[in-house]
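These notes concern the structure reproduced below.
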Amino acid sequence: MAMPLDLFAAGAPIQWILPEENPEATEASESGHPTGSRDGQASAHLDQQLLRRLHRCDDLIKQLKHIIKAQHGKIEELREKLELATVSKSPLIAGYEIEDLAKGRQDNEELRRSMSRQQAELVKAKSDNSTLRKANKRLKGLLEHAGGPQPMPFVDSISDTLPDLMQNTQSSLMQNTQSSFRSVLSSGPATARTARKLLAGAGTTDMSATFGGGSVHFPVPEFPQESPRFFDSSAGSDQELNSPGKVPLRRRTRSAQAKPPVVSKVARLVTSLRSFWRDLESPVAALRALSDVTQRLLATGDTHGPQIEVMVYMLDPWLRTVATTKEYSKTEQPPIFYLGHGKQEIQALRHSSNSKVSAPRFTDLAALPSRTRNSIAIPVCSPNAVRTWAVLQVVIEDTRGTVGGAAPKLIQKMLQDVVLLSTSQFGFTDSQVSYLQLICGMVGGVLIHMEKLEQRARMVERTRASMEGTINVNKAISLADFEHRAKQVMAGFFAVNTIRVLFYDSDTKSLLISSSQMRKKGCVSSSISKGIVGQCAQKHQTFNVDDISLNPYIDPIADGLTRTGRPVGHHASMLVGPMIVDHLDANPGAHALPGL
């Protein structure tokens, strides 16, 4: 009979039917007949071939399984990537991106329009500038020919250039000129004087001007004949413009008596030198004297003209420490400013408790001295320019009144021309810069001298304290008293937390620690081969350990680091020194070590 044989391959059963046994063949094989034996060998060989094929099929099926699994893994990866791509590019996000793009385009268009407007304004400003230059040249020519300022032809020249405009606005100008002119005159004394020079005649109280065939008459209020002043940077003093009218003799005599005498800058500088050495114990006093001298050196005396603002910024660490510890309290510290993206720190020195502090106009110390139209910054250096102590900053501020907004445009433009003409005199000359550099160098030398005096005073104080401590220790009457006095003196002199006194035993060659230090009944001995104290006892040298965690000779027990109470820091420093006694009676070079 045929017997079913179940084999599993690739997850599916395979049934193989073996052939039935032939009884005759069996008998023939048993009897030794050759025909039966050959048939049995052929059937066995066939079975082996079939089994080999079956095994090869199983191997192929396994390989196909692995390939299918790998393909499934790749398909899953691609599916996940596709899902992530669809999530990142969702319609909502795509809509946001489109909105951002549209907004960026709109902003770009606005920037283009603003740029075009700025270009148009620039062209207009250039044309106005050229017109003002022509008017200034015309006014200069009139002044040269007439020998004095005559502003009325300047008004006529401007009216000639704008006849159509003045014909259209003649009626409104005739009604509002008088009130507008009064508002201009009430805006400030400087503006009043300027308007009077431009619109008033010499010694008259009524003015008339012709605009496009019509005339406008309005009275001009009476003002005292004052000559406007301006800041002359080349001479450093006040100068007067030629007044259009004559000043009475009594008024001229009174003004001459009220004017201070003219003093040269060199005389001012020489008389101010003694203020730098007035207080040799206060560097801040020298810096404040520098501010005062600079203020007096550049002062103009004109209350309506530009004002001078002087600031001193401290840079040196020693100078800042002295200023913050001696001159200021803890609640009133100097303001701090940072330069170079916060890398450099400076402190502003207040001239007084009520004075305001302004920010520095310079941004880099390497670019000093710096000089602009209305500010200058000069470093206060040592004579060899190696060390920078502070920085002196001087700023010119124009505090004069502006033109009133209720005046006609023609009068406003005329007054603006005069203001521009006067403000062109601002600035610093080379002589002023040289004077400021000279006094800054002098103050740098004074600060060096003050620092040396302070170092010498500190050295003398330390020497005096050491001598007093030595005298106090020499008054000891016993070893316990000596130990107590030494601890008190050394703790105050070195400003440390722990003081240990070890006694050397020459018989046992060990160090003895008293019972008061170890809090035990008897003394504790320590070998001289352990710790920094052992190295000091062997070599008779002083050891200064900056960081106890980095020294290989530190022994916690021998050096007293394992103590009760407040623990010793891991990065603390230590100073160990031998107490050596010279024997004068014995050999001159002989000495003994009583302790550490």
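Under the working numbering, think of the first position of the sequence shown as 1, with each following residue one higher. Beta carbons: idealized from backbone N, C-alpha and C, even for Gly. In this text the structure is predicted, and so the values were computed from the model without any measurement.
- Beta-carbon gap between P306 and R320 smaller than 9 Å: The residue given as residue 306 occupies position 306 in the sequence shown. The residue given as residue 320 occupies position 320 in the sequence shown. Not closer than 9 Å, so no.
- Message: If you reduce the DSSP assignment to three classes, tell me which class V123 lands in.
- Response: Taking the first residue of the sequence shown as position 1, residue 123 is located at position 123. Reduced to three states, the DSSP call for V123 is helix.
- Query: Under 9 Å between the Cβ atoms of V284 and A323?
  - Reply: One-based indexing of the sequence shown puts residue 284 at position 284. One-based indexing of the sequence shown puts residue 323 at position 323. Yes; because the gap between Cβ atoms is below 9 Å, this pair is in contact.
- Y338 classed as buried or exposed, judged by whether at least 16 other C-beta atoms fall within 10 angstroms: By 1-based counting over the sequence shown, the position of residue 338 is 338. Y338 should be labelled exposed.
- Query: Using the rule of at least 16 other Cβ atoms within 10 Å of the residue's Cβ for burial, across every protein chain shown, is Q119 buried or exposed?
  - Reply: Counted from its first residue, the sequence shown places residue 119 at position 119. Its Cβ having fewer than 16 others within 10 Å, Q119 is exposed.
- Candidates A495, S525 and E80: which alpha carbon is nearest D505's? The sequence position of residue 505 within the sequence shown is 505, counting from 1. Among A495, S525 and E80, the Cα nearest to that of D505 belongs to S525.
- Item | For Y313 and A289, believed in contact at Cβ under 8 Å, the rounded distance | Reading the sequence shown from its first residue, position 289 is the one you call residue 289. Reading the sequence shown from its first residue, position 313 is the one you call residue 313. No, A289 and Y313 are not in contact; Cβ-Cβ is about 16 Å, not under 8 Å.
- Message: Tell me the DSSP secondary structure of I580 in three-state form.
- Response: Position 580 of the sequence shown, counted from the first residue, corresponds to residue 580. Looking at I580 - three-state DSSP - the assignment turns out to be strand.
- Could you give the distance in angstroms between the alpha-carbon of L550 and the alpha-carbon of T498? Here residue 550 refers to the residue found at position 550 of the sequence shown. Here residue 498 refers to the residue found at position 498 of the sequence shown. Whole-angstrom Cα-Cα distance: 20 Å.
- Identify the residues that DSSP records as bridge partners of T388: which are they? The residue labelled residue 388 in the question sits at position 388 within the sequence shown. Looking at the DSSP assignment, T388 forms a beta bridge with C381.
- Who are the near neighbours of E83 in its chain, counting only those whose CB is closer than 8 Å to its CB and skipping five residues on each side? The sequence position of residue 83 within the sequence shown is 83, counting from 1. In its chain, beyond the 5 residues on either side, no residue has a beta carbon closer than 8 Å to the beta carbon of E83.
- Does DSSP classify P556 as helix, strand or coil? For the purposes of this step, residue 556 is taken as residue 556 along the sequence shown, with counting starting at 1. P556 sits in coil when the DSSP states are folded into three classes, being neither helix nor strand.
- Message: Please classify F494 as buried or exposed, where buried requires at least 16 neighbouring CB atoms within 10 angstroms.
- Response: The residue given as residue 494 occupies position 494 in the sequence shown. So F494 ends up on the exposed side.
- Message: For A465, which residues in the same chain have their Cβ closer than 7 Å to its Cβ, ignoring the five residues on either side in sequence?
- Response: Residue mapping note: residue 465 aligns to position 465 of the sequence shown, counting from 1. Answer for A465: F493, listed in chain order.
- Message: In whole angstroms, give me the CA-to-CA distance for H33 and Q41.
- Response: Taking the sequence shown and counting its residues from 1, the one referred to as residue 33 is at position 33. Taking the sequence shown and counting its residues from 1, the one referred to as residue 41 is at position 41. Residue placement at H33 is flagged as unreliable, the pLDDT there being 49, under the threshold of 50; the coordinate-derived value follows with that caveat. Looking at the backbone, the Cα of H33 and that of Q41 are separated by about 13 Å.
- Query: Are there three or more Cβ pairs, one per stretch, closer than 8 Å when the stretch 443-459 is compared with the stretch 369-383?
  - Reply: Taking 8 Å as the limit for Cβ pairs, the verdict is that the stretch 369-383 does touch the stretch 443-459.
- Message: Which runs of the beta strand (DSSP E) at least 3 residues long sit entirely within the stretch 485-513? Give them in chain order.
- Response: 502-505 and 510-513
- Return the CA-CA distance between T508 and G534, expressed in angstroms with no decimal places. Against the sequence shown, residue 508 aligns to sequence position 508. Against the sequence shown, residue 534 aligns to sequence position 534. So the alpha carbons of these two residues sit roughly 14 Å apart.
- Message: Using a Cβ-Cβ cutoff of less than 6 Å, which residues in the same chain neighbour A476 once the five nearest sequence positions on both sides are dropped?
- Response: Here residue 476 refers to the residue found at position 476 when the sequence shown is read from its first residue. Result list for A476: F482 and R485, in chain order.
- Query: How about S375 and V395: are their beta carbons less than 9 Å apart?
  - Reply: Reading the sequence shown from its first residue, position 375 is the one you call residue 375. Reading the sequence shown from its first residue, position 395 is the one you call residue 395. In contact: S375 and V395 (Cβ atoms closer than 9 Å).
- P306, DSSP secondary structure in three states: The residue you call residue 306 lines up with position 306 of the sequence shown. In this structure, P306 counts as strand in the three-state DSSP scheme.
- If we call anything under 9 Å between Cβ atoms a contact, is G342 one with D364? To locate residue 342, count along the sequence shown from 1; it is residue 342. To locate residue 364, count along the sequence shown from 1; it is residue 364. Taking 9 Å as the Cβ cut-off, G342 and D364 do not qualify as a contacting pair.
- F482 - DSSP class collapsed to helix/strand/coil: Counted from its first residue, the sequence shown places residue 482 at position 482. Three-state DSSP puts F482 in a helix.
- Task: Report yes if the CB atom of I528 is closer than 9 Å to the CB atom of I554, and no otherwise.
- Result: Within the sequence shown, the letter at position 528 stands for residue 528. Within the sequence shown, the letter at position 554 stands for residue 554. Taking 9 Å as the Cβ cut-off, I528 and I554 do not qualify as a contacting pair.
- Message: Rounded to whole angstroms, what is the Cα-Cα separation between E99 and E80?
- Response: Translated into positions along the sequence shown, residue 99 becomes position 99. Translated into positions along the sequence shown, residue 80 becomes position 80. One C-alpha to the other measures close to 29 Å.
- Task: Closer than 6 Å by C-beta to T562: which residues in its own chain qualify, once you throw out the five before and the five after it? Chain order, please.
- Result: Counting from one through the sequence shown, the residue named residue 562 turns up at place 562. Once the five neighbours on either side are set aside, the close Cβ partners of T562 are P556.
- Query: Based on the DSSP secondary-structure assignment, which residues constitute the bridge partners of M311?
  - Reply: Residue 311 sits at position 311 when you count from the first residue of the sequence shown. Bridge partners of M311: Q393.
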